[in-house]
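In this text, residue positions in the sequence shown follow the numbering used here: the first is 4, and each later residue adds one. No residue lacks a Cβ here, since even glycine has one placed at the ideal position from N, Cα and C.
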Amino acid sequence: MRVKKISPCIGATITGINLSRELTPGLAEQIYQVLVDHLVIVIPGQEISASLQLEFARHFGEIDRPHHTYPHVDGMPEVTLLEYDENRHPDTNEWHTDLTYRKNPPFASVLYSKVIPECGGDTLWCSMYAAYEQLSDSMKQELADLEAIHDPGSFRNSFMGKEKNSKSMDQRMFEEGSALHPMVQTHPVSGRKYLYVNEGFTMQVYGYSMPDSNRLLHFLFAHINQPAFQFRHRWNTGDLLMWDNRVTQHYAVSDYLPQYRRMHRVTVINDRRCG
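And the structure:
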């Protein structure tokens, strides 16, 4: 297995492995360590089925329940199908960390490219370590004890409309409601601090007036959007990418429409090494 950094603060490419073969515990541990060190890993040139992708993901933790909105691969509800073209448009086109409106957001995602447009459709990732570390000392001090409210916002409409009765809607609200998270968190493995706000789901700083909250969040969202904290991946068919959802944000650029794009995603809900 060979590892090559993609950018100084985020991303690494792993070559010399074939995921269509059985993944040994030792190799899985090496891959995990690269993920912790580099936040996003790129494993190019893989020819794997949805079942093998799911098997790969299970080496790292428990698999999340089926997505509340997106379809899934036939017969495999844990493998989300992200399939877009001129008639089906993606519903996220901004920086976000997945599912932060849950009390316990997922640890990681594994995304595999099945069909890639001729051009466009890149995905960007951003390191929240770097974003935090480049804040001023005074800003770090202000954020140290703050919490923020995370909520699906308008994204909630996409699954509320599918509920047929008030009981099922109450259950969905319980599962996919709002959550309060510290704005600065410490990674359970590396021990490093990182910024934990995202434009997709962070709605308000708890205890701040809305004008004051908006000023602070808008500053942080602009701060995060710096190329020095990021890398941009140009997809090829057969690329498998995995990212640590705790300490990254990502942005799927929807500039490829009306071209067709098909991806398979598996979400890992907990980090097995953290108990």
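Burial is judged here by how many other beta carbons sit within 10 angstroms of a residue's own beta carbon; Met-245 has at least 16 and is buried. At a Cβ-Cβ threshold of 9 Å, Thr-270 and His-70 count as neighbours. Around the Cβ of Ser-130, a 10 Å sphere holds 16 or more other Cβ atoms; the residue is buried.
Positions of the beta strand (DSSP E) runs, each at least 3 residues long and wholly inside the region 203-263, are given as 205-208, 233-236, 243-247 and 251-255 in order along the chain. Annotation: the continuous beta strand (DSSP E) that includes Ser-130 extends over 126-130.
Straight across, the Cα-Cα distance linking Ala-15 with Leu-127 is about 13 Å. With a minimum length of 3 residues, the unbroken runs of beta strand (DSSP E) contained wholly in the region 29-85 fall at 43-46. Three or more Cβ pairs closer than 8 Å define a contact, and the region 59-74 falls short of that threshold against the region 253-262. Its Cα nearest to that of Val-192, the residue Phe-110 stands out among Phe-110, Ala-147 and Gly-29. In summary, Thr-83 is buried, with 16 or more beta-carbon neighbours lying within 10 Å of its beta-carbon over all protein chains present. In the assembly as shown, Cys-277 is an exposed residue. Its beta-carbon has fewer than 16 other beta-carbons within 10 Å. Residue burial annotation: Asp-247 is buried, with at least 16 other C-beta atoms found within 10 angstroms of its C-beta. According to the DSSP assignment, Gln-144 belongs to the alpha helix (DSSP H) that extends over 140-146. In the DSSP assignment, Thr-189 falls within the unbroken beta strand (DSSP E) covering 187-189. In this structure, Lys-143 places its C-beta atom within 9 Å of the C-beta atom of Val-187. The three-state secondary structure of Arg-275, taken from DSSP, is helix. As the crow flies, the alpha-carbon of Asp-215 is around 33 Å from that of Ile-272. Here Glu-150 carries a strand assignment [DSSP, helix/strand/coil].
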